[in-house]
Structure formats: structure tokens, C-alpha cells
């Protein structure tokens, strides 16, 4: 397709939407497109210079007349400025609120030929969409976008159920295509973390919010650890850290749970892991599952949202019902106690990532979407 000028509006911080938006921009730039990130700060994954990637910082003016800093107005104004100065073809907004709304406003301020593509990641629907005061605004953002995608079929369904927009929403999955891990053969990470060679490793990565239901993971792990030697590695931080620490102490797991806080490079941790666990009560996709699967780590997750679209039960991992720590414990024990089965599930995990979630396959879908909206006549 012809080379495009694409503006990407996203949250620049750690999180699934920020990762996808940044990696998508990098991948599009590698294909020759000109990419303009319009955010409040440099996207954290944008740690290398590219000749055709530009960053435009949104700065909020602190006028005394405003009770709160008007970020959305500043964002819309910045998008409009970049559109006029750079001649953008497309604004790709990640989240309906506030990014798509700001993109639509910028379109009206500047150039009716500009196209707005919106990707729904989950929080804008599962959290904001449950707030009746926000539903009309989210519906407006969806219906006024030129094209809308969501990261899972489950999120598409939930959007129609909650918001009821009169708009086609296309599923385009998250993707992953990380480079091979660096050679750290001289570093014994297990020894550094005080993990014995005969101990199996279970890993969980999240932002430690209530919806991640980490106490469920701890209860399942407590049961497994009574039956075989193992360690639980918890990566992340957040509002539930206090609760997690109390639960670890209550269950007597202090010597068997390793708290690592936030980590940006997880390759080495996945490389020593035998299973990855995500027992959320809300999860539109579960990008951490792909990260683990890429390293041949079987996953266990709940039958929630987009998780069953990533984990095929009995093929590359296991699915349990929300809150069912007993079943999770049984499945984890079965997985960790059978090396042959774990290896087979791990091999399937790598295959499924390559067949369904590999970068080039997903970026092709976004390019096709851009081409289709640019072919449409009129705004």
C-alpha cells in the first residue's frame, strides 16, 4: 500500500494499550510509513530512534479559570496542530475515551478528509462503559470514528451489549514479535532468586489491581506448594500490594513467593518459568499470556473476556472458572508434575503465537483497515 502519515494517540505508560500502540507504530514505521506519536510523554517502549517516527508532547496549560487541568482540550488542540503541520492521513486513537473523542474534534477543526480509526482495549468499555453518564460519549466516539477495532471477540460483544453502537467493530488481536532474549548464559538467574534446581516456577505479571484477583493465585499456589517444590514469582506493583503481602503472610508463603516489583524486560524471567497464571475477573485480552507463550510457557487463566481466545484449554494451557482456586491448583499440579505434558503444551503455545498473534500478520490487518477507510468517499 502507499506510504501513509499516521498519528497515534495513546497512553504512553506501561499497560497493554500502550505496548500495542507503540509496537504497532514501530512496525508501521519499519514498513515505511511516517508515524507521529501524540501523547503526554514519550511512550516507554519507544527507546530507540527511528528516522520516520516523531513525538509530539501534549502540554496542559494551567489557567486559573479551570478547576482541573483541561487535558482533553489540550490533546485535541495538539492533534489538530499536528494534522495541519504534518498533513496526516489517519489518526489511530487507542481508547474511545478520551482519545477518539479528541481525534474526532481535531478532525472537525482541521480537515474533513482526515480519517479516525479507534481501537478499544477494554477499560473504556468494561469500566467507563458501565457508567451511564459516560455511555453516550463512548457511543459518540465509536459511531463517529471511520473504523473501530477491538482486541478480542469478547470485547466486541461486551461493547454491543453495554453501549449498543450502530457501528461495525472488527476484531484485530494484540500481537507480539519480541526479539530473541539476549545471551545471559553467564548469569544464573535461579540462583540469584534463590530458586533451587528442583523447584518449578510459576509466574504472574500484572498491575496488582483487584480485578487481577491475586489472592486466588496465592490460594492455588499454596495448595500446589504442599505437593511439590515450587516458587511463585509475582512481577508488578499497584494498589493491592498491601493485600498481597498480608495474604502471603497469612498463608505462610513468605519463603516461597518472590516479589520483584515492576520489571520492563521479562525475557529472562519467562525463560526460567514453567507456568504463567492470570486469574482475572475482567480481561479483554491478556497480553502477558502472549509474552509467556512466546517463550514456550503454558498458561492458566480464567474463563473471562478474551482469555479463552488466547488460551486453548488443554492445548496450550488450561482454563478455569473465575474464583475457582481449587481447580486452578489441580491444573497447575498436573502441569508442573508432568514434564512431557508441560513440554507439549509449551510447544503448542509457541505455535499458536506464530499462527495467530505474530506481528506481521496483525500489522497486515491494520494496513488493510487503513486502506479501506481511505477508499471511502467523504467524511
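In UniProt numbering, the protein residues as written are 1 to 379. Backbone N, C-alpha and C fix where the C-beta goes; we use that ideal spot for every residue, glycine too.
Notebook entry, point to check: Residue range of the alpha helix (DSSP H) that residue 192 falls in?
Noted result: Here the question's residue 192 lines up with position 192 in the chain shown. Looking at the DSSP string, the run of the alpha helix (DSSP H) that includes residue 192 is 189-192.
Original post:
Under 7 Å from any heavy atom of the ligand SAM, does the C-beta of residue 156 make it?
Top reply: As far as ligands go, the structure on display features none, and thus does not contain the ligand SAM.
_So for residue 117, helix, strand or coil by DSSP?_
On the chain shown, position 117 is the one that residue 117 refers to. Residue 117: strand per DSSP, three-state reduction.
Alpha carbon to alpha carbon, how far is residue 200 from residue 4?
Taking the chain shown and counting its residues from 1, one reaches residue 200 at position 200. Taking the chain shown and counting its residues from 1, one reaches residue 4 at position 4. Those two C-alpha atoms are separated by around 48 Å.
Contact defined as beta carbons within less than 8 Å: I believe residue 121 pairs with residue 9. What is the distance between those atoms, to the nearest angstrom?
For this step, residue 121 is matched to residue 121 along the chain shown. For this step, residue 9 is matched to residue 9 along the chain shown. Residue 121 to residue 9, Cβ: 13 Å. No contact.
Q | Three-state class that DSSP yields for residue 57 in the structure shown | A | The count along the chain shown starts at 1 and reaches residue 57 at position 57. It is a strand residue.
Between which two residues does the beta strand (DSSP E) holding residue 148 run? By 1-based counting over the chain shown, the position of residue 148 is 148. DSSP places residue 148 in the uninterrupted beta strand (DSSP E) bounded by 147-150.
task: May I have the straight-line CA-CA distance separating residue 325 from residue 298, to the nearest angstrom?
output: Here residue 325 refers to the residue found at position 325 when the chain shown is read from its first residue. Here residue 298 refers to the residue found at position 298 when the chain shown is read from its first residue. In this structure, the CA atom of residue 325 is about 18 Å from the CA atom of residue 298.
inquiry  = Looking at residue 217: is its Cβ nearer than 8 Å to the Cβ of residue 208?
reply    = Within the chain shown, the letter at position 217 stands for residue 217. Within the chain shown, the letter at position 208 stands for residue 208. No.
Taking just the CA atoms, how far does residue 32 sit from residue 357?
As a working mapping, residue 357 is identified with position 357 in the chain shown. As a working mapping, residue 32 is identified with position 32 in the chain shown. Roughly 22 Å separates the two Cα atoms.
**Study point:** Cβ-based neighbour list, residue 34, same chain, cut-off 6 Å, excluding 5 preceding and 5 following
**Key:** In the chain shown, counting from the first residue as 1, residue 34 sits at position 34. Closer than 6 Å at the Cβ level, and outside the excluded window around residue 34, lie 5, 52.
#### Entry: Limits of the unbroken alpha helix (DSSP H) element including residue 306
As a working mapping, residue 306 is identified with position 306 in the chain shown. Note, residue 306: premise wrong, no alpha helix (DSSP H); not H, not E.
### Task
Specify whether the stretch 99-113 and the stretch 62-81 touch according to this definition: at least 3 beta carbon pairs, one from each stretch, less than 8 Å apart.
yes
Practice problem: Count the other CB atoms, across all protein chains shown, that sit within 10 Å of the CB of residue 133; report buried if there are 16 or more and exposed otherwise. | Solution: In the chain shown, residue 133 corresponds to position 133, counting from 1. With fewer than 16 other CB atoms across the displayed protein chains lying within 10 angstroms of its CB, residue 133 is exposed.
task = Specify, as a first and last residue, the run of the alpha helix (DSSP H) that residue 315 falls within.
result = Taking the chain shown and counting its residues from 1, the one referred to as residue 315 is at position 315. Premise fails: residue 315 is in no alpha helix (DSSP H) and is neither H nor E.
Could you tell me how far apart the beta carbons of residue 96 and residue 138 are, in whole angstroms, since I believe they sit closer than 8 Å?
Along the chain shown, one-based indexing puts residue 96 at 96. Along the chain shown, one-based indexing puts residue 138 at 138. Right, the Cβ-Cβ distance comes to about 5 Å (below 8 Å), so this counts as a contact.
Residue 30 - DSSP class collapsed to helix/strand/coil
Indexing the chain shown from 1 puts residue 30 at position 30. Three-state result, residue 30: helix.
Review point. Mind checking whether residue 266 and residue 235 have CB atoms under 8 Å apart?
Key: Within the chain shown, residue 266 is the residue found at index 266, counting from 1. Within the chain shown, residue 235 is the residue found at index 235, counting from 1. Yes, these two residues count as a Cβ contact at 8 Å.
| said: As an exercise, report each continuous beta strand (DSSP E) stretch of at least 3 residues that is fully enclosed by the stretch 214-256, in chain order. | reply: Those beta strand (DSSP E) runs which fall completely within the stretch 214-256 and span 3+ residues are 230-235.
How about residue 174 and residue 88: are their beta carbons less than 8 Å apart? Translated into positions along the chain shown, residue 174 becomes position 174. Translated into positions along the chain shown, residue 88 becomes position 88. The criterion of a C-beta distance shorter than 8 Å is not satisfied by residue 174 and residue 88.
(message) Can you look up residue 353 in the DSSP assignment and give me helix, strand or coil?
(response) Against the chain shown, residue 353 aligns to sequence position 353. If DSSP states are grouped into helix, strand and coil, residue 353 belongs with the helices.
Count the C-beta pairs between the stretch 340-351 and the stretch 235-250 that are closer than 8 Å, then say yes if the count reaches three, no if not. Flag = no, the stretch 340-351 and the stretch 235-250 do not touch.
When 205, 232, 160 are compared against residue 193, the one with the closest alpha-carbon: Position 193 of the chain shown, counted from the first residue, corresponds to residue 193. Minimum Cα distance to residue 193 is reached at 232.
How should residue 42 be labelled, buried or exposed, when 16 other C-beta atoms within 10 angstroms of its C-beta is the threshold for buried?
On the chain shown, position 42 is the one that residue 42 refers to. Burial call: exposed.
Practice prompt. Spell out a yes or no on whether the stretch 308-321 and the stretch 258-274 are touching, meaning 3 or more CB-CB pairs, one atom from each, closer than 8 Å.
Written response: no
Suppose the cutoff is 8 Å on Cβ atoms and the five residues either side in sequence are ignored; what does the same chain contact list for residue 90 look like?
If you number the chain shown from 1, residue 90 lands on position 90. Excluding its 5 nearest sequence neighbours in each direction, residue 90 has C-beta neighbours in its own chain below 8 Å: 4, 5, 6, 7, 114, 115, 116, 117, 370, 373, 374, listed in chain order.
With distance defined between alpha-carbon atoms, name the residue in 242, 203, 24 nearest to residue 119. Your numbering for residue 119 matches position 119 in the chain shown. Minimum Cα distance to residue 119 is reached at 24.
Thinking just about the alpha-carbon of each residue, which of 254, 323, 256, 290 is nearest to the one in residue 282?
Against the chain shown, residue 282 aligns to sequence position 282. Ranking 254, 323, 256, 290 by Cα distance to residue 282 puts 323 first.
ask   = Leaving out the 5 sequence neighbours to the left and right, which residues in its chain are closer than 7 Å to residue 177 when beta-carbon positions are compared?
value = For the purposes of this step, residue 177 is taken as residue 177 along the chain shown, with counting starting at 1. The answer, listed in chain order, is 358, 359.
Going by C-alpha to C-alpha distance, which of 136, 340, 345 sits closest to residue 300? In the chain shown, residue 300 corresponds to position 300, counting from 1. It is 345.
Which residues share a DSSP beta bridge with residue 37? Counting from one through the chain shown, the residue named residue 37 turns up at place 37. In DSSP, residue 37 forms a bridge with 8, 55.
How big is the Cα-Cα spacing for residue 220 and residue 198? The residue labelled residue 220 in the question sits at position 220 within the chain shown. The residue labelled residue 198 in the question sits at position 198 within the chain shown. So the alpha carbons of these two residues sit roughly 20 Å apart.
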